[in-house]
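See structure below.
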Ligand SMILES: [Zn+2]
């Protein structure tokens with residue numbers, strides 16, 4: 002399928018085109034061209050082979066081959082060609098392989114590239130005029146807000162229709178993942194823009210001792226000097242040599258300074274790097290020099306979007322950089338010396354200049370005519386000139402984004418016909434150089450930039466402290482007069498990316514959207530991929546004219562980050578998520594553990610048969626690696642006071658050698674964490690937290706100590722990974738542990754339930770042994786110096802072989818604790834669960850004078866309307882309602898939800914925990930549980946403890 | 006992202022810290038009303054200008070800092086160790 006019927010005919014007429022064929026629009030070699038004629042590059046455009054040279058952009062290679070149309074416009078599917086011949090070119094977005102939205106006037110051709118046009122819907126064979134007629138009815142001004150809104154049930158259909166209007170390419174589902182990375186940098190000075198001013202500023206800053214990042218969007222330094230005349234090229238060689246002579250300058254080409262955040266936090270995206278697609282550099286710079294030059298502004302008139310209408314800088318780029326003749330017969334509308342230079346360049350390229358329309362003398366162009374491209378140009382004096390090229394040079398826009406993001410608010414200067422920065426509002430660490438700062442000849446601009454570079458180095462503290470020495474005297478730049486030329490008043494497009502016409506703006510004003518921010522959103526002008534750099538000032542000018550206000554009164558829209566669209570890949574970078582393993586992880590992996598990602602930790606979920614692991618614990622002995630349990634070592638005379646504040650229960654009377662279970666709430670009464678804390682000595686405690694809550698609790702403890710009770714004497718040391726932790730559970734756990742301990746009396750009388758001892762296990766001293774019971778069985782949790790974790794684990798397995806000891810994983814532990822009705826914070830509670838809904842009523846001591854969250858719990862208790870945590874057993878014990886299944890009240894409303902559910906190997910039936918409204922939370926009540934497939938099952942409310950309600954098994 | 010001048014670590018990226026909000030006063034739990042308590046929990050001033058805030062240098066010295074910051078300009082007038090400010094001796098012990 003071809004989108005280019007006319008140019009295809011033209012090509013076959015000259016015999017040019019396919020691979021290796023001559024390029025009819027390629028000029029003889031020119032000084033300053035950036036292509037390597039000695040080599041050729043073959044690529045495909047919509048399936049047809051083409052040839053370019055290294056250094057060509059996709060657009061320059063296609064233009065050399067005679068192509069004029071590179072895309073179809075967004076709404077009306079009008080043919081679009083070269084406008085700027087730069088990164089910004091709105092008519093040159095293409096798909097390259099599986100990469101969408103490639104800027105074809107910027108991306109260099111490469112061998113084998115598969116380039117396709119985007120937005121070719123419905124197809125070019127379809128009569129374009131008919132398509133226009135069809136869509137114009139639907140795509141009125143503000144169509145986003147008017148069309149396709151009602152009736153609502155048709156939205157899925159509308160979405161499909163609207164999708165075909167999205168002027169984006171496609172990412173095939175099977176496209177290969179890209180490689181993106183990130184880097185941090187701390188340069189003294191970042192220079193945004195590698196034209197003459199940026200180069201001069203970088204050299205001056207580096208000479209003053211600064212480290213400099215010089216960032217240029219194009220593939221070479223030089224800015225407009227690259228496509229200038231011999232004098233400009235000579236100057237470019239000098240500046241390039243000066244840059245190269247400074248080792249303190251890091252040059253980044255094909256790179257963009259994307260934004261400026263507080264304190265010069267500057268993201269830079271760099272491309273064309275070996276081995277990766279893109280790199281996001283996060284730079285913290287001392288000073289930022291903004292030197293992006295000026296963007297040439299299009300002129301708005303009827304037919305201004307036709308292929309063949311281009312900016313003077315576009316024509317000069319095609320001719321001088323790529324040796325491409327942009328047309329055969331040209332009309333030039335010029336209002337400035339750059340336009341005049343374009344006339345000379347066109348003539349040197351053999352283009353017949355049929356008319357030069359000098360806007361400085363009041364002459365103008367009113368319309369371009371043609372269907373697939375310019376055929377004739379209508380002048381203000383009524384003349385009609387046959388031409389296939391219309392070059393405009395009507396003025397400049399200062400791309401002030403980075404300055405706006407620095408707090409500056411540019412001011413419209415009618416003399417210069419552009420917005421200019423307000424130096425009074427720039428922060429000290431941001432400076433401007435080059436055309437954005439003012440006008441002048443090259444010597445003046447370079448001298449100004451040189452001073453700016455030296456001052457930037459001084460302010461960055463490159464030599465001595467920041468701001469040392471006296472300020473550099475920066476010469477002021479003049480501002481040249483320029484006629485105000487925005488629109489001929491004959492219609493045309495304001496925004497070629499979004500297909501917004503001048504009429505759309507005036508319609509928006511007529512409908513009441515008369516502020517620039519409203520009109521922008523209503524029409525979507527300036528909201529396309531060029532982000533307003535070409536469109537904003539024309540939009541403002543037309544809006545100003547329609548409202549009778551001045552441009553200065555109308556103001557501009559806000560220029561937000563990013564400066565250029567950024568890929569998600571660059572933002573994501575490479576995944577650098579650290580993971581944590583216990584010292585026993587190698588053993589787990591060797592023994593078939595199925596890994597479970599639990600926060601930062603990788604843990605064994607089970608070793609193949611979780612039900613058998615449960616049974617082993619209930620009947621013999623099992624061991625589980627619980628290293629991720631959070632552990633805080635607390636020492637000092639005021640630890641008991643701290644515990645009393647943190648937990649809902651009482652701690653003042655906890656004796657040495659005792660442990661106690663506690664629940665912590667946040668100040669809103671919501672359960673924050675739970676765990677046991679043991680008293681190892683007079684002023685020495687060990688606190689355990691949930692695995693996922695370890696970091697939160699540590700910060701929580703530090704917060705209350707440092708900010709609320711600075712006089713309390715408590716020293717907090719996180720020891721989570723200083724210990725490897727193993728829980729030994731089951732009726733034979735005492736027998737097993739006794740074989741490995743010599744200095745701790747494990748007898749029930751000497752070491753009772755909820756006690757702590759320190760001693761030697763498997764020859765390793767300084768272990769902490771807790772006798773606690775999450776699983777409901779006789780069990781010991783031992784904390785071993787981490788480097789001996791694997792040793793102790795192995796010794797437990799060896800010593801217990803005849804007892805049938807086996808390892809168990811997190812899944813078996815979950816089942817065991819569910820059989821015992823123990824809640825898990827974050828599973829059986831959520832971010833709204835206050836403590837009286839967590840099944841710990843007997844723990845909450847409202848008679849304590851204070852603890853965190855106490856007032857909320859007092860009120861929760863008084864209201865009494867809160868959900869309760871209850872046990873649940875489906876009447877049909879073979880059905881396990883999935884977690885998060887909803888529980889219905891008698892009217893069919895939601896009365897609660899299943900928070901945990903499993904098949905219990907011990908009971909041979911389904912069991913669960915549920916949050917349930919109080920009126921249903923009565924043991925013996927039957928409730929309806931709705932399963933995810935919509936069917937209902939009946940379940941009975943039970944006590945939370947399903948196995949051994951008296952706790953006899955763990956107190957032996 | 007702005008830089009915060011940590012008194013222990015020097016100027017550091019704000020991403021290293023956790024913002025704990027404007028420094029507030031906890032009502033007396035013995036006498037507080039629901040209105041006072043919820044105000045303490047949820048209703049905070051959002052001034053345009055200077056504010057005294059609490060920041061925790063979680064990826065640094067792990068100290069809580071009392072920071073005077075201008076919410077409009079992000080200028081930081083002072084950043085002090087909260088505990089050291091209030092109880093110099095206890096803080097010395099703790100470190
Ligand atoms: Zn710090």
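Residue numbers (my numbering), protein chains in the order written: chain X, 2 to 957; chain B, 6 to 100.
Note that CB positions come from ideal geometry on N, CA and C, so glycine has one too.
In this text the structure is predicted, and so the values were computed from the model without any measurement.
Okay, do the stretch 633-641 of chain X and the stretch 918-926 of chain X touch, 3+ Cβ pairs below 8 angstroms being the bar?
no
Measuring alpha carbon to alpha carbon, tell me which of X/117, X/512, X/56, X/41 ends up nearest residue 71 of chain X.
As a working mapping, residue 71 of chain X is identified with position 70 in the first chain. The candidate whose alpha carbon is nearest that of residue 71 of chain X is X/117.
Unbroken stretches of the beta strand (DSSP E), 3 residues or longer, contained in the stretch 676-753 of chain X
685-690, 716-719, 724-730
By a C-beta neighbour count over all protein chains shown, 10 Å radius and 16 as the cutoff for buried, is residue 176 of chain X buried or exposed?
Residue 176 of chain X sits at position 175 when you count from the first residue of the first chain. When all chains shown are included, residue 176 of chain X counts as exposed.
At a cut-off of 7 angstroms, would you count residue 23 of chain B as near ligand 1, judging by its Cβ distance to the nearest heavy atom?
As a working note, residue 23 of chain B is residue 18 in the second chain. No, the Cβ of residue 23 of chain B stays beyond 7 angstroms of every heavy atom of ligand 1.
Cβ contact (3+ pairs, closer than 8 angstroms) linking the stretch 380-389 of chain X and the stretch 347-366 of chain X
A contact between stretches requires three or more CB pairs, one per stretch, nearer than 8 angstroms, and the stretch 380-389 of chain X meets this requirement with the stretch 347-366 of chain X.
Which residue marks the beginning of the alpha helix (DSSP H) containing residue 313 of chain X, and which one marks its end?
By 1-based counting over the first chain, the position of residue 313 of chain X is 312. Its alpha helix (DSSP H) spans residues 313-321.
Which full runs of the alpha helix (DSSP H) of 4+ residues lie inside the stretch 814-899 of chain X, going along the chain?
Entirely contained in the stretch 814-899 of chain X, the alpha helix (DSSP H) runs reaching 4 residues are, in chain order, 855-864.
Among X/769, X/553, X/707, X/881, nearest to residue 759 of chain X - alpha-carbon criterion:
As a first step, residue 759 of chain X is located in the first chain; it is residue number 758 there, counting from the start. Cα-wise, what sits closest to residue 759 of chain X is X/769.
Check each residue's C-beta against every heavy atom of ligand 1 and list, in chain order, those closer than 7 angstroms.
B/11, B/13, B/14, B/17, B/62, B/65, B/66, B/68
Please identify, using Cβ separations under 9 angstroms, the residues of the stretch 52-74 of chain B that lie next to chain X, in order along the chain.
59, 61, 63, 67, 68, 69, 71
Considering only C-alpha positions, which residue in the set X/414, X/495, X/411, X/834 is nearest to residue 303 of chain X?
Along the first chain, read from residue 1 onward, the residue named residue 303 of chain X stands at position 302. Measuring from the Cα of residue 303 of chain X, the nearest candidate turns out to be X/495.
Please report the residue range of the alpha helix (DSSP H) in which residue 510 of chain X lies.
The count along the first chain starts at 1 and reaches residue 510 of chain X at position 509. Looking at the DSSP string, the run of the alpha helix (DSSP H) that includes residue 510 of chain X is 503-511.
So residue 13 of chain B contacts chain X; which residues on that side make the cut at Cβ distance below 9 angstroms?
Walking along the second chain from the start, residue 13 of chain B turns up at place 8. Within chain X, no residue comes near residue 13 of chain B; the closest Cβ sits about 13 angstroms away, beyond 9 angstroms.
Does the separation of the CB atoms of residue 910 of chain X and residue 878 of chain X fall below 8 angstroms?
By 1-based counting over the first chain, the position of residue 910 of chain X is 909. By 1-based counting over the first chain, the position of residue 878 of chain X is 877. In terms of Cβ geometry, residue 910 of chain X and residue 878 of chain X form a close pair [threshold 8 angstroms].
Could you give the first and the last residue of the continuous beta strand (DSSP E) run that contains residue 250 of chain X?
Along the first chain, one-based indexing puts residue 250 of chain X at 249. 250-253 is the extent of the beta strand (DSSP E) around residue 250 of chain X.
Between which two residues does the beta strand (DSSP E) holding residue 83 of chain B run?
If you number the second chain from 1, residue 83 of chain B lands on position 78. Looking at the DSSP string, the run of the beta strand (DSSP E) that includes residue 83 of chain B is 81-86.
Beta strand (DSSP E) runs contained entirely in the stretch 198-248 of chain X, provided each spans 3 or more residues
213-216
Is residue 523 of chain X helix, strand or coil when you go by DSSP?
Sequence index remark: in the first chain, residue 523 of chain X carries index 522 (1-based). Residue 523 of chain X: helix per DSSP, three-state reduction.
Residue 44 of chain B: first and last residue of the uninterrupted alpha helix (DSSP H) it sits in
Taking the first residue of the second chain as position 1, residue 44 of chain B is located at position 39. Where residue 44 of chain B is concerned, the enclosing alpha helix (DSSP H) starts and stops at 39-47.
To which residues does DSSP link residue 183 of chain X through a beta bridge?
Mapped onto the first chain, residue 183 of chain X falls at position 182. Residue 183 of chain X is bridged by DSSP to X/281.
Would a C-beta distance cut-off of 8 angstroms place residue 901 of chain X and residue 851 of chain X closer than the cut-off?
Counting from one through the first chain, the residue named residue 901 of chain X turns up at place 900. Counting from one through the first chain, the residue named residue 851 of chain X turns up at place 850. No; because the gap between Cβ atoms is not below 8 angstroms, this pair is not in contact.
Any C-beta of chain B within less than 8 angstroms: which residues of the stretch 689-713 of chain X qualify?
700, 703, 704, 706, 707, 708, 709, 711, 712, 713
Along the chain, where does the beta strand (DSSP E) that runs through residue 421 of chain X open and close?
In the first chain, counting from the first residue as 1, residue 421 of chain X sits at position 420. Looking at the DSSP string, the run of the beta strand (DSSP E) that includes residue 421 of chain X is 419-421.
Secondary structure of residue 440 of chain X, DSSP reduced to three states:
Here residue 440 of chain X corresponds to residue number 439 of the first chain, with the count starting at 1. Note: residue 440 of chain X maps to strand in three-state DSSP.
Go ahead and pull the three-state DSSP assignment for residue 28 of chain X.
Within the first chain, numbered from 1, the residue matching residue 28 of chain X stands at position 27. Residue 28 of chain X falls in the coil class under three-state DSSP.
Report the three-state DSSP secondary structure of residue 628 of chain X (helix, strand or coil).
As a position in the first chain, residue 628 of chain X is number 627, starting the count at 1. In the structure shown, residue 628 of chain X sits in coil (DSSP, three-state: anything other than H, G, I, E or B).
Taking residue 3 of chain B as the query, report the chain X residues whose CB atoms sit under 9 angstroms from its CB, ordered along the chain.
No answer is possible for residue 3 of chain B: it lies beyond the span of chain B, which begins at 6 and ends at 100.
Starting from residue 59 of chain B and walking both ways along the beta strand (DSSP E), at which residues does that stretch end?
Here residue 59 of chain B is taken as the residue at index 54 of the second chain, counted from 1. Unbroken beta strand (DSSP E) run through residue 59 of chain B: 55-61.
Identify the residues that DSSP records as bridge partners of residue 291 of chain X: which are they?
Here the question's residue 291 of chain X lines up with position 290 in the first chain. DSSP, once it has assigned bridges, lists X/193, X/433 as partnering residue 291 of chain X.
Under 8 angstroms between the Cβ atoms of residue 373 of chain X and residue 80 of chain X?
The residue you call residue 373 of chain X lines up with position 372 of the first chain. The residue you call residue 80 of chain X lines up with position 79 of the first chain. Closer than 8 angstroms, so yes.
Three Cβ pairs or more, each shorter than 8 angstroms: is that satisfied between the stretch 385-395 of chain X and the stretch 307-327 of chain X?
yes
Would DSSP call residue 789 of chain X helix, strand or coil?
For the purposes of this step, residue 789 of chain X is taken as residue 788 along the first chain, with counting starting at 1. Residue 789 of chain X falls in the helix class under three-state DSSP.
Are any of the Cβ atoms in chain X nearer than 8 angstroms to that of residue 87 of chain B?
As a first step, residue 87 of chain B is located in the second chain; it is residue number 82 there, counting from the start. Chain X contact via Cβ: present.
Assign residue 812 of chain X to one of three DSSP states: helix, strand, or coil.
Taking the first chain and counting its residues from 1, the one referred to as residue 812 of chain X is at position 811. The answer is helix: DSSP assigns residue 812 of chain X an H, G or I state.
Nearest-angstrom Cα distance between residue 14 of chain B and residue 65 of chain B?
Within the second chain, the letter at position 9 stands for residue 14 of chain B. Within the second chain, the letter at position 60 stands for residue 65 of chain B. Those two C-alpha atoms are separated by around 7 angstroms.
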